[in-house]
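Undergrad: My structure is below; once you've seen it, I'll send some questions.
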Amino acid sequence: MYERRTKEEPSIPPPPVGTVGATRPPTDVRMGDFILLDGTYQRVEDMRSAGGASVRILHFAGRAPLIMREARTTYRPLEFR
Numbered sequence: 063m064y065e066r067r068t069k070e071e072p073s074i075p076p077p078p079v080g081t082v083g084a085t086r087p088p089t090d091v092r093m094g095d096f097i098l099l100d101g102t103y104q105r106v107e108d109m110r111s112a113g114g115a116s117v118r119i120l121h122f123a124g125r126a127p128l129i130m131r132e133a134r135t136t137y138r139p140l141e142f143r
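Reminder that position 58 of the sequence shown reads as 120 in the numbering used here, one-by-one numbering, no gaps.
Below you can see the structure in the form of structure tokens.
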């Protein structure tokens, strides 16, 4: 069986092209944002409020929903005007 020789955490993959990362609270997440889950970036397809305004249930295509209770890094596509 393969074992890592170092105690270093695996590096995160580069963010999706055309996105900018920022730490956002659950109230600032939008549909279309990307979140790193289990080593891959997942796009928020839908979301619901749960237990008040500060908790969101984020839905992704082909993955179980995520209950977001605290701020985390999200990647938002750039907006061109």
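Note that CB positions come from ideal geometry on N, CA and C, so glycine has one too.
Every value quoted in this text rests on a predicted model; they were computed, and no experiment measured them.
Grab me the residues of R86's own chain with a C-beta within less than 7 Å of its C-beta, minus the 5 sequence neighbours each way, in chain order.
TA: Only A133 and T136 meet the Cβ criterion.
Undergrad: Could you pull the DSSP bridge partners for G83 from this structure?
TA: Answer is Y137.
Undergrad: So what's D95 in DSSP terms, helix, strand or just coil?
TA: It is coil, neither helix nor strand.
Undergrad: Please list the terminal residues of the continuous beta strand (DSSP E) segment that includes I129.
TA: Start and end: R125 to M130.
Undergrad: Would you kindly work out how many angstroms separate the C-alpha atoms of H121 and K69, rounded to a whole number?
TA: The straight-line gap from Cα to Cα measures roughly 33 Å.
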